Structures are given as structure tokens and as C-alpha cells.
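Top line first, the protein sequences correspond to chains A and B.
My numbering puts the first residue of the first sequence at 1, with every later residue one more than the last.
My numbering puts the first residue of the second sequence at 1001, with every later residue one more than the last.
A virtual CB, placed ideally from N, CA and C, is assigned to each residue, including glycine.
None of these values were measured; they are calculated from a predicted model.
Working notes for the structure below.
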Amino acid sequence: MDFRQRIEQALSKSRARFTEIRLEVTRGSRVIYRGQRLEAAQETLDRGGFVRCLAKGGGWGAATFNDLDLLEQKVGQALACAEAISAERVELAEVEPVVIEQLASMKEDFRNVALRDKVAVLKELNEVMLATEETVSSTRSIYADRVQTVYYGNSQGTWIVEERPLIDLYCMAEAVRGDDVQTAGEAMTFSNTGFEAIRGQQARARIAARRAREQLDATPVKGGVYPVILNPSLAGVFVHEAFGHLSESDFVFENEEAQKAMRMGRRFGREILSIADSGLEGPELPGTHAYDDEGVPMSRTQLVKDGILVGRLHSRETAARLGEDPTGNARAQDYNHPPLVRMRNTFIEAGETSFEDMISDVELGVYALKSRGGQTCLGNFSFSSAYAYMIRDGKVAEPVRDVILAGNLFETLENVTAVGNDFSWDNAGRCGKNGQRMPVGMGSPHIRIENVVVGGAS
Amino acid sequence: MSTSEGPLGTKSEGLLSRLAPLSTEGARGEVFEASFDTLEVGFSAGAVKSALARESSGIGLRAVAEGRMGFVGSRDLSAEGLAHLEKQLVNSLEVGDPAEMTFPSTQAPDPAAADLGLSSPITAALTIPDLVETGEAALAQLKERFPDVTFDATVRRSVGRSRLQNTSGLDTGEAYTVFSFSVEANQTQDEDVLLDYAYVVGTSPEAAAPQRVVDELVQRLTWSQTVVEWTPGKLPVLFSPEGSSLIWSPLLQALSGKTVMLGTSPLRERSGEQILGAQITLTDDGLRPGALGSGAYDEEGIPRATRSLIKAGVLKGFVHSLETALATGSEPTGNGERGGATARPEPGFANLILSGGDQSFEELLASIDYGILVHSVIGEGQGNTLPGTFSNPLDLAFLIEGGVVKGRIKDGSIAGDIYQLLGPDTTARLSREVVPVGGSSFLPWLLIDDLNVVGRE
């Protein structure tokens, strides 16, 4: 019996007010080099299911499992879970049922590339790093691919099959001089792209090696408050961390005080600032899909327009609760998890300022590039740059390191005083929330922010 | 629904003898099978919201054949899935690095492992209504105390089992139970968003003590209600047991056989040296009754033990898996841990115990004229933490004045180097109380006299 029949049969037997089933088969491979050593070269197989039900008058019950032969039993268990609690009745925003099957199309399908060939390509990139700089004594190179095939059906007639190919490539070089160890990494994530994406990335490997060595020469930044220019890659992480998470409606939908803070029409920045989250950008971006994990068509959602808050991101449940339209932002990492309100590809729209104009009147500031990680505690955020330079008298000056930028979202967005004309989707990666790591895209032009707290050891 | 009775890991029964690559001369291998069965209740905005049943199983298979290492993992334990596993293993062995690893035969466990109390029938018997009751009882107290705060919570009980078999004849397994309770508090007032989180976990509700979540949150939310002005500078900083992980994490990374093997551990050549202050003693105890990291054997079949890693500031040892022990010419230490059924074994800690000092938390607090209490920072673990330097914005932190917590502070950040702050001459002090953090770490409060705290002008 194929997956569609299995799911439809299980749905037809469900006594719940609403039932949805997600079955997944994921095949992947993973290669890791640490220095000269091949740490891992393996293929993995994952298979499992997720069932979620709404009880007659109540809320969610769910079941996750590996043995797909148990599907009908699991539908019963999910409903039993829902009926075992006396939760407030959950409503879902209306969505048109859809039937669609979308298979992956890759130029060089990595499912047909032998593990030994993946090892060979990564080995070459790894050796480029070791050969580029004498001070690079160790590396961490990772190639990981997977095709997650998702079979989704719900009791309202929606049936979706989607193959989700994803490749991660990471080249990290570790440069050592005496006791000083500095690392630099180039991370790439490609969605809906074949093995061709990995060929010809030697230049990125070389960049990682050079940057690790350059970091040895950089001096720790002097902590303080500076005007800061973020490059597109770091600005993308900034908008994701600092703003994006607050626009996820599961944060506000049951919290009136938070709704007041995130009220529509509130000014969040100057007129130059516009922010959106979209699932409709290029297919290679990891937040792009036709439908989310509740079968809602993805959209482009304007969040901030000319400095004013105009929208937010929804699941079917949060949209119904707040009386707004669903946006297609319910995403689940895999069958082990229920969908949560998640960003897709989040970006600051291009402005009009050239980089030269942005930097020319900065007497003393920091030019921070690329992210090394970021975290938000809703109002407050922190992100660290992979490398940075001081700005002196309007010019990029000496390299500095250990640059960690911190601030309060509301103040910081108001302090964005310039938005560049050089937009790029320069960052793709994973975002963690409630134990789920989702592939997301991040984009921006260069931006300038006044009065940023820069942490430093001195 | 409980799986705490009955045989362990039946899907991998006899698997090793059926695999073609393992029939070659000198070939050897191991198979690890693990499964768990979880019930979980979620509360949102103070009310029960969802219930979830989770059932998961998987296997990890490692082999050395014709001198090469291979590893595969699968969560598809159907006949078809297991057949596919053999093909995957062939692929992995084909490209694997040369390896000399051998798998241990059965060694007698430490006598102390006879009764570790890792599996509680009470936990295994908990139903969804039981979990709801635990959550509601705790949330009722919190809501009464703080009507303006939004509370989300999760109550969970798990029954897990694992089995490890290898071609050296080892066949061992374990059944365990886990109960956990966590609450996230959110208080939003215009531009001020306060978030706090408390979590307890143990083999049973009694061991986890959910009331601790309530008591901790009441304490910190009470301190948080006033936001106070403060003056940055070099200040005494008192870290809560949870907050102190910022300070201890780089040290733990450096004590891992993995970083020793890679040559990146700053401690790799300092065995026997006084690296930290004499007040600091760190033990890894794989045999602590009722602690989640305990067991007769590690996840590679080496008997677990109680080992001193740092004794009165002197570096005594590292934690090793089979792989890192072999690569560094050390003995395996019973610290081969898997981050799940399908993950490769890596060196990990069983139960970390940082022995306490001689002053109580109250005494440490009372000794501070003007300083900061840090419960959490933002961005912990970002960047390259191994050298021991850190620089993080404060998340939840409080001003201490005249030995008393005055209120919450904002816009601070801290920076330093743990090897300087905790070095042989350190004046850092640890509390007498040692608090379970995450079920397998037992940490005191930590007072550092002179830490650089940056503010915002």
C-alpha cells in the first residue's frame, strides 16, 4: 500500500475534529574531515511519522513514531492524548484544500553520487585550506546532504508530497600561532540544488584559510559604544535574530502584553527601514517552499513597511486566534516535532545608500562582517561577527576580533540610520527554536546602526 | 504502554552475525540499539494546551573490516530498512580511514553499579492526567504570585532502553526512566521583555522535585520586578549554578579526549599541573545513584567509574571514548557517549560534580558590597570558546548592594578569560550548596571577585 492510501485510510478512520498526518523518509549522507583525518563518512536512513488531532471541544493531541505500520494505532493515540486533557478549544484559520506532488529536480542528483565521490570532493576542499596558509594546522570540513520526502495529508482533503533536497557545506580553518588559536569558517546551505553546487568551491575554502590567519593578526576590539556598519550577511542575521523572532505570532497570540508591544501600526524604525519574510524567493534559498507543514501556501509577508509594523507570521492556529490571514509559516523540522511558527527567508529590503556614503562620516566605528552566531532573548539580542575592522575617519582601518554586538531590539531598530543599495541573500543556515532547527534564509544590504554596545575583553 | 519490562533491543538481535562485511577475516563490529517512549503535556499561557506521545527507536552500527572503519545509523528498523543498512555499511567501509579499533569484551562492572536506581516504576506508570496534575499544581502557585506574567510549561516522562552488542561477545543493556518539568516565564511591559526559564529532571518526579522550578522562579521573578540603575566596572560577580556554565564550559571542552586528540585542548600537555585554584575539585561520577548519567557501562561497553578530573586545582585526567583513547595512547575511561541511537560515540561526561566550597549562598551574597548576580547570558557558546575567553551580554542579571539583591539590571555585558579568573592564584569562591543542573551536572554558586562588567553610557 502506498503512502497516500495509508494516510487516506487512517484519516478516514479518525474520529477527531481535525486530523493531520505527516510521514517522512529521509536519506542522507555526511562526510567530516578534521585536519587530515576522515572523521565520518556515512549514510543515514530516517523514517517516521507525526499525527496531530483536535479533540471535539478541545486542543491538540499528537503522536510521533518510527514504525509506519502503526499509523492507524497512532491516530487513535493522538486523539486519546487530545481527549485526555481539558484544553481550550483550538480553531484553525480556513485554508483551501490542495493536492500537489512536487518532486526534486536537481541538475546533478546527489542521491546518485557515490559516497566515495563525496569524500573525494570534500577532501580536496579540505586540502585547499591546509595548503593555503602555513599557520592553518587543523580544519573542520563538513559535507552533509539529505532528501527529506514529506507526505502530508489532512482531514480537510489536502494531500501534499514534497521532496526537500538540502546540502550543507562547511569549511572551517583553524590557524595557530603560539598559544593563539583562531578559526574562520565558510558555511553554505543549498536548497533544491544538486551536487553541482559543491563543485568549484575551492575559492571559499581558500577564503576560510586566509581569514583564520588574518584573525591571528587582528587585535581584540576595545569594548564600548560605537556606530557599526554590518555587511549584508551579518545584517541578515541581525534582522532574523533581533526582529524576526518577535514577529512569530506564537510569541504574542496568548500574551496580551506582548501583543501591545507588537501592535500593528507601531513605529519600529525610520522610513528607510522595510522588512519582509518570504517563502517565495529563489528555490535555492532554504526557506522557500510551495506550502508549509500545515498545507498553507507560502507567501511574502511584509513585516515592517517604511518603519511601521504592518504584519506578522502565522500558523493556522495563531491566525485564527488573532483574526488575521494565515501566512504559511508553520514549519516542522521533521516528524519528531509539531509545526511551529517559523521564519522562512527574512530580509531587510534594499535602500538607497552606497557603502561609501554610509561610511564616509563615521569618525570611529566598527565594520562587522559575517555572523559567527546569534541569539535573541526576545527584547535583547546578541550576535558575534566572524571578522571585523575598525572604521577611522570614514575609512576601513585595522582588523579587530572578538566583536560581539548586543542591544535591545526596539532601540536598535530605531538606530538604523542607513540602508544600503547592495542587497544580497548572503546567508543561509539553521535557526533553533524549541528544540527544532529549521533551514532559513537571511538577506540584507549593508546597514548602519548608531550606538551599538560592542563587547570586548578590554 | 510501558516498555520498562521485557527484552531490550530485539531488532538488533543476531544482526552482527548476518552482515556480510563482518564475515571477512579479522572483521569486527558493534551494534547499539536504543528506543524510548515518552508522554508529554504542554501548557501555554498558564493553561493545558497539548498532549503528545512519542515513540522512537534506532540503531547505530560500527565496524572495522579490512582495516577500515565504517559507521551507519538508521531509524528504519523494518526488514527492508535493515537490509539497506548492509549496503550503507559497505559504502562507509569503502571510504573509511584505516582503523585499529577493537571492541571490548565483557568486563565486570564496578560493584557500585549493582543498584543505581535508574528506572522508576512510578515514572513508567505516569499517565497524561498525572502529568497535567503536576503542571497545574505548579502553575497555580506561580499565577497566584505573578498574575501579570505569562507561563508556558512542559511536563514529560520517558521510558528508555538500550542494548549494545559487539563481536567480542559483549551484550549489555539498560532500562531507565526520566521525568522532567520546565516552565518559561514571560513578562512583557512595553519595551521591556523579561524571559526566565527553570528546568528540573530526574529519574522520577520525586527525584526531579518540580517544586524547585516554582521556588526558583518565584525567587528570580521577585528580584526582577524592579529594574535598577547600576554602575559598570570591575565588580564581584556571583554566578548562579545555571549561569556558571558560561565559566565551566570551556574547561569541560578542554577536558574532552576529543580536543586532546585534535591537539586543540589548551590542557592537553598539562596533566599533573596546578591549573586552577586549590578550591576547585571536579569529578566525573558514572556511578552516582539516581543521576541521569549513571550506568554500569558507558555506551561503548566500558565499565563506568568515579574519576577525579581536577583535584584541588591539579589536572588529573581527561574523558575518553574508545576512539580518542586509542588515538592519544590513553586508556578508555568509560565516557563513550552517544547523542542518540544513530549518533557516533564521542567522549562525554557522565555526571559532573563540582565540589562545593565552605560558604553558603547567603554568606557569599552577604559578602558583596556592590556587585552583580548573573543567572544567564546571551549567546553562550558562540564563537571560539576553547581558549577560555568569553564576552557576552547579560540576559538575566541583578544588582547586589550591601549584600542584598536590589533588582534587575539591563544592558550589561561581561568579558574575561576563565583560565585567569580560575587560575592557581584565584580568589574565586564556591558555595557549599551544590545544585543539580540538567540531571547530570551538580554545580555550586560561583563568586568571582573582579570581573569586567561593561554597561551602556
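Where the beta strand (DSSP E) containing residue i begins and where it ends
{"i": "Glu-1269/B", "result": "Note, Glu-1269/B: premise wrong, no beta strand (DSSP E); not H, not E."}
{"i": "Glu-163/A", "result": "159-177"}
{"i": "Gly-1257/B", "result": "Note, Gly-1257/B: premise wrong, no beta strand (DSSP E); alpha helix (DSSP H) at 1257-1262."}
{"i": "Lys-1311/B", "result": "1306-1311"}
{"i": "Asn-336/A", "result": "It is not in any beta strand (DSSP E) - Asn-336/A carries neither H nor E in the DSSP assignment."}
{"i": "Val-1437/B", "result": "1429-1437"}
{"i": "His-955/B", "result": "There is simply no residue 955/B to check, as chain B begins at 1001 and stops at 1457 in what is shown."}
{"i": "Val-225/A", "result": "224-230"}
Residue i versus residue j: straight-line alpha-carbon distance, rounded
{"i": "Ala-1113/B", "j": "Leu-1015/B", "result": "28 Å"}
{"i": "Arg-211/A", "j": "Gly-1381/B", "result": "21 Å"}
{"i": "Thr-1306/B", "j": "Gln-1274/B", "result": "21 Å"}
{"i": "Val-452/A", "j": "Val-176/A", "result": "31 Å"}
{"i": "Val-51/A", "j": "Leu-340/A", "result": "15 Å"}
{"i": "Glu-39/A", "j": "Val-31/A", "result": "8 Å"}
{"i": "Ile-100/A", "j": "Pro-338/A", "result": "21 Å"}
{"i": "Asp-1395/B", "j": "Leu-1430/B", "result": "22 Å"}
{"i": "Asp-180/A", "j": "Pro-220/A", "result": "12 Å"}
{"i": "Ser-458/A", "j": "Ser-233/A", "result": "Only weak support exists for where Ser-458/A lies, its pLDDT of 45 falling under 50; the coordinates are left without a value."}
{"i": "Ser-955/B", "j": "Gly-1243/B", "result": "Chain B is shown only over 1001 to 1457; residue 955/B falls outside these bounds and no answer can be derived."}
{"i": "Glu-20/A", "j": "Val-1095/B", "result": "41 Å"}
{"i": "Ser-1092/B", "j": "Leu-122/A", "result": "15 Å"}
{"i": "Ala-209/A", "j": "Leu-1421/B", "result": "31 Å"}
{"i": "Tyr-1176/B", "j": "Asp-1284/B", "result": "20 Å"}
{"i": "Glu-1013/B", "j": "Gln-73/A", "result": "26 Å"}
{"i": "Ala-1209/B", "j": "Asp-1190/B", "result": "34 Å"}
{"i": "Ser-1119/B", "j": "Thr-1203/B", "result": "7 Å"}
{"i": "Arg-1220/B", "j": "Val-1227/B", "result": "13 Å"}
{"i": "Ser-385/A", "j": "Pro-1393/B", "result": "14 Å"}
{"i": "Gln-9/A", "j": "Leu-1194/B", "result": "47 Å"}
{"i": "Gly-49/A", "j": "Leu-246/A", "result": "30 Å"}
{"i": "Pro-1444/B", "j": "Asn-408/A", "result": "31 Å"}
{"i": "Arg-89/A", "j": "Gly-61/A", "result": "12 Å"}
Contacts that residue i makes with chain B (C-beta to C-beta distance below 7 Å)
{"i": "Cys-81/A", "result": "Ala-1051, Leu-1052, Ala-1053 and Ile-1128"}
{"i": "Arg-34/A", "result": "Leu-1262"}
{"i": "Asn-380/A", "result": "Ile-1378, Pro-1393 and Asp-1395"}
{"i": "Arg-496/A", "result": "Nothing can be reported for residue 496/A, as the shown portion of chain A is limited to 1 through 458."}
Residue i vs residue j beta-carbon contact at 8 Å
{"i": "Arg-206/A", "j": "Thr-149/A", "result": "no"}
{"i": "Pro-445/A", "j": "Gly-351/A", "result": "yes"}
{"i": "Leu-1238/B", "j": "Gly-1416/B", "result": "no"}
{"i": "Leu-471/A", "j": "Met-188/A", "result": "Residue 471/A is absent from the structure shown; chain A starts at 1 and stops at 458."}
{"i": "Ala-80/A", "j": "Leu-54/A", "result": "no"}
{"i": "Asn-192/A", "j": "Ala-104/A", "result": "yes"}
{"i": "Leu-1354/B", "j": "Leu-1276/B", "result": "no"}
{"i": "Thr-1342/B", "j": "Thr-139/A", "result": "no"}
{"i": "Gly-279/A", "j": "Arg-344/A", "result": "yes"}
{"i": "Pro-1236/B", "j": "Ile-1418/B", "result": "no"}
{"i": "Leu-71/A", "j": "Arg-47/A", "result": "no"}
{"i": "Gly-1438/B", "j": "Val-1201/B", "result": "yes"}
{"i": "Ser-14/A", "j": "Ser-141/A", "result": "no"}
Contacts of residue i in chain B (Cβ-Cβ under 8 Å)
{"i": "Ile-404/A", "result": "Gly-1379, Gln-1382, Gly-1383, Ser-1391, Asn-1392, Pro-1393 and Ser-1413"}
Cross-chain neighbours of residue i in chain A, by beta carbon under 7 Å
{"i": "Asp-1504/B", "result": "Any property of residue 1504/B remains undetermined from this structure, which presents chain B solely from 1001 to 1457."}
{"i": "Pro-1387/B", "result": "Val-181"}
{"i": "Ser-1044/B", "result": "Glu-254"}
{"i": "Ser-1441/B", "result": "Within chain A, no residue comes near Ser-1441/B; the closest Cβ sits about 19 Å away, beyond 7 Å."}
{"i": "Asp-1097/B", "result": "Arg-37 and Leu-38"}
{"i": "Thr-1188/B", "result": "Asn-255, Glu-257, Ala-258 and Ala-261"}
Range of the contiguous alpha helix (DSSP H) that encloses residue i
{"i": "Met-358/A", "result": "355-360"}
{"i": "Asp-1215/B", "result": "1211-1224"}
Residues that residue i contacts on chain B, provided the C-beta gap is smaller than 9 Å
{"i": "Thr-44/A", "result": "Val-1072, Gly-1073, Ser-1074, Arg-1075, Gln-1088 and Thr-1342"}
Proximal residues of chain A, C-beta to C-beta of residue i below 8 Å
{"i": "Gly-1081/B", "result": "Leu-45 and Arg-47"}
Secondary structure, alpha helix (DSSP H): runs of 4+ residues fully inside the region 384-444 of chain A
409-414
Length at least 3, wholly inside the region 1097-1182 of chain B: the beta strand (DSSP E) runs in chain order
Entirely contained in the region 1097-1182 of chain B, the beta strand (DSSP E) runs reaching 3 residues are, in chain order, 1150-1166.
Complete beta strand (DSSP E) runs within the region 90-147 of chain A (minimum length 3 residues, chain order)
Runs of the beta strand (DSSP E) inside the region 90-147 of chain A: 99-102.
Kindly provide the ranges of any beta strand (DSSP E) runs that are 3 or more residues long and lie completely inside the region 1281-1330 of chain B, ordered along the chain.
1282-1285 and 1306-1311
3-residue-minimum beta strand (DSSP E) runs that sit fully inside the region 175-219 of chain A, ordered along the chain:
180-191
Complete runs of the beta strand (DSSP E) confined to the region 1051-1091 of chain B [at least 3 residues]
1068-1074
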